[in-house]
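>
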Amino acid sequence: MYRPRLIPVLLLKGRALVKTLKFKSPIYLGDPINAVRLFNDMNADELIFLDINASKESRCVDVTYVREIAEEARMPFSVGGGINSLEDMEALLKNGSEKVIINTAAFKKPDLITQAANQFGSQSVVVCIDVRQCFGRKYIAYITNGNSRIKYDVMDYCRRVVDYGAGELMIQSIDRDGTYRGYDVELASRIANSVSVPITICGGASSLDNMVDLYRTTHVQGLAAGSLFVFHSGRDSFLINYPNDQDKDKLRSVNGI
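Going left to right, the sequence shown walks through residues 9 to 265 as this note's numbering numbers them.
1) What did DSSP end up calling Val205 once you bin it into helix, strand or coil?
2) For Tyr3, I'd like the list of residues in its chain whose CB is within less than 7 Å of its CB, leaving aside the five on either flank, ordered along the chain.
3) To the nearest angstrom, report how far apart Asp253 and Leu259 are at their CA atoms.
4) From Ser202 to Ala196, what distance separates their C-alpha atoms?
5) In angstroms with no decimal places, state the Cα-to-Cα distance between Ile15 and Tyr188.
6) Grouping DSSP H, G and I as helix and E and B as strand, with all else coil, what is Leu14?
7) What residues in its chain sit with their C-beta under 8 Å from that of Ala200, if we drop five residues either side in the sequence?
8) Which first and last residues belong to the beta strand (DSSP E) in which Pro40 is found?
9) Is any non-hydrogen atom of the ligand MG found closer than 8 Å to the C-beta of Pro251, if you look at the structure I gave you?
10) Given a cut-off of 9 Å, decide if Val193 and Tyr222 are closer than it, judged by their beta-carbon atoms.
11) Only counting the same chain, and skipping five residues up and downstream in sequence, which positions put a Cβ closer than 7 Å to that of Lys64?
12) Going by C-alpha distance, which of Asn111, Tyr191, Arg168 and Ser130 is nearest Glu176?
13) If we ignore side chains and look at the alpha-carbon of each, how far apart do Ser2 and Tyr160 end up?
14) To the nearest angstrom, how far is the alpha carbon of Glu95 from that of Gln127?
15) Could you check which residue in Val44, Phe47 and Val139 has the C-alpha nearest to that of Asp183?
16) Quick one: what's Arg157 bridged to in DSSP?
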């Protein structure tokens, strides 16, 4: 029976594994390759790697390092960070990434989404949208690792990038990043009702039960988390963890409700 993908999100700062709180104050955690090996042993569905400084430093995520990750990873993974051209995408896909994740470039060069979908297939092109909630329950999209607000309402922007050819959306709540406050169910529901492509939600996951509740409400295809999968009991103790098969069955059972 179908269940959503449970996806650890691993933040890179160069070649270091870090974790942020509301997109700020990165804490150094160690070697990403070691984390990949542990997630291999835990049979993780998929991984996402995001280089948090790449766009600000006007560079692409390190392709050589992506190849090193691919040599270790036994699950599919996606990569984002400073991707700005078809050449960047081709290099990453050829070196082991199953999908490329674009954020800033999707806003500044939306035709790149279309070109990439035509060249590599829309299933390989993920647009990541970073979101803050403002007064009046309005959601605003940001680029450049949450530092620059854009002019579009989030729902309008989601529809716009899908029209350009995005095959999947990754929605990150800046306000909830690293807080364990729980997913923003309203945001996820509104986006799920606005577009027809697969959606991955990230930001604030507090427990497997929180994931089950979100899936029960929205049936989004990807449930992603950072802190939940790299910390034990808050941000004080670094511990790679992942649900076992019995826990995953809780998500499969939602389809029968």
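In this text, a Cβ means the ideal position worked out from N, Cα and C, and glycines have one as well. None of the values given here were measured: they were computed from a predicted structure.
Taking the structure as given:
1) For Val205, the secondary structure class from DSSP, reduced to helix, strand or coil, is coil.
2) No statement about residue 3 is possible, as the shown extent of the chain runs from 9 to 265 and does not include it.
3) Answer to the nearest angstrom: the Cα atoms are 10 Å apart.
4) 10 Å
5) 16 Å
6) strand
7) Ile207, Thr226, His227 and Val228
8) Careful: Pro40 lies outside any beta strand (DSSP E), inside the alpha helix (DSSP H) at Pro40 to Asp49.
9) As for the ligand MG, it is missing from this structure, which has no ligand bound.
10) The sequence given here has Leu at residue 222, not Tyr. Cβ atoms of Leu222 and Val193: closer than 9 Å.
11) Thr152 and Asn153
12) Ser130
13) Residue 2 lies beyond the residue range present for the chain, which begins at 9 and ends at 265; the question has no answer from this structure.
14) When rounded, the distance between both Cα atoms is 11 Å.
15) It is Val139 whose Cα lies nearest to the Cα of Asp183.
16) Tyr150
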